[in-house]
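**Q** Have a look at this one.
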Amino acid sequence: MDLEKLFLSNNNLSEENCSLGDLISLRLLDLSHNKFKSLPSLVMLVSLNKLYLNDNAIKSLSTSLVYLPKLRELNLRSNRLTTLPTELASLDQLQVADLADNDFPALDQQLLASNDVVLIRSYASLSKEPARLAELLEEFKSYQQPKTFLLSASDLGLPSSS
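Numbering (our numbering), first residue to last: 53 to 214.
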């Protein structure tokens, strides 16, 4: 079957009742707003470039992400993630990653909610090296603090006073 897009959101799916088989032509998979607690098997989805798993109950990610070499967009917003697998760093094509509203520690959550794919890959690659991860988080915290904040009335679309 040459199915390229599959939308299965809001279907009460879980890993027990969802088998994706070998949909090797699938490019977009939307499994958002279901009841997944873990990642379904994605091994045969080699053409997948957009994966939406937001608003589930996923607690951890399996290493099967490495089998998605073409993945460009990953939405895992509003799950129960506390860590990321180091394999996430190997997704070279990844351009968009939404990891907001999960159960990461506070500063980690800020970094991961930034949607900065380079930072997210760095975070994932350092997840098993606490000292280096702490350095990354400190660096992130330092550049999150704006030194100057300039906002004129015209930036807000308000009429100027002159």
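For each residue, glycine too, the CB sits at the ideal point set by N, CA and C.
Just so it is clear, the structure is predicted and the values come from calculations on it, not from any experiment.
Just the Cα atoms here: how many angstroms apart are Pro121 and Leu143?
**A** Locating residue 121 in the sequence shown gives position 69, counting from the first residue. Locating residue 143 in the sequence shown gives position 91, counting from the first residue. Rounded to the nearest angstrom, the two C-alpha atoms are 6 angstroms apart.
**Q** When the Cα of Asn154 is compared with those of Pro92, Asn127, Val148, Ala141, which residue comes out closest?
**A** Along the sequence shown, one-based indexing puts residue 154 at 102. Of the listed residues, the one whose Cα sits closest to Asn154 is Asn127.
**Q** Quick test of the definition: if touching needs 3 or more C-beta pairs under 8 angstroms, does the region 89-100 touch the region 133-148?
**A** Segments in contact, no.
**Q** For the alpha helix (DSSP H) that contains Ala149, what are its first and last residues?
**A** Your numbering for residue 149 matches position 97 in the sequence shown. First-last for Ala149: 148-150, but that is the beta strand (DSSP E), not the alpha helix (DSSP H).
**Q** Leaving aside the five residues before and after Phe59 along the sequence, list all residues of the same chain whose C-beta is less than 6 angstroms from its C-beta, in chain order.
**A** As a position in the sequence shown, residue 59 is number 7, starting the count at 1. Closer than 6 angstroms at the Cβ level, and outside the excluded window around Phe59, lie Asp82.
**Q** Would you call the CB atoms of Arg129 and Leu146 closer than 8 angstroms?
**A** Within the sequence shown, residue 129 is the residue found at index 77, counting from 1. Within the sequence shown, residue 146 is the residue found at index 94, counting from 1. In this structure, Leu146 does not lie closer than 8 angstroms to Arg129 by Cβ.
**Q** So, helix, strand or coil for Ser82, using DSSP?
**A** Along the sequence shown, read from residue 1 onward, the residue named residue 82 stands at position 30. Here the sequence assigns Asp to residue 82, which means Ser is not the residue at that position. Residue state, collapsed to three classes: strand.
**Q** Sort Ser112, Ser114, Leu78, Leu188 by Cα distance to Asn101 and report the nearest one.
**A** Within the sequence shown, the letter at position 49 stands for residue 101. With distances taken between Cα atoms, Asn101 lies closest to Leu78.
**Q** Check the C-beta distance from Val148 over to Asn167 and give it rounded, since I have them as a contact under 8 angstroms.
**A** Here residue 148 is taken as the residue at index 96 of the sequence shown, counted from 1. Here residue 167 is taken as the residue at index 115 of the sequence shown, counted from 1. Correct: roughly 7 angstroms between the Cβ atoms.
**Q** Give every residue of the same chain whose Cβ lies closer than 7 angstroms to the Cβ of Val95, excluding the five residues on either side of it in the sequence, and list them in chain order.
**A** Counted from its first residue, the sequence shown places residue 95 at position 43. Excluding sequence neighbours, Val95 sits near Ser116, Tyr119.
**Q** First and last residue of the beta strand (DSSP E) that includes Leu178?
**A** Here residue 178 refers to the residue found at position 126 of the sequence shown. No beta strand (DSSP E) contains Leu178, which is instead part of the alpha helix (DSSP H) from 169-178.
**Q** Along the chain, where does the beta strand (DSSP E) containing Asp125 start, and where does it finish?
**A** Position 73 of the sequence shown, counted from the start, is the residue given in the question as residue 125. Note that residue 125 corresponds to Glu in the displayed sequence, not to Asp. Start and end: 125-127.
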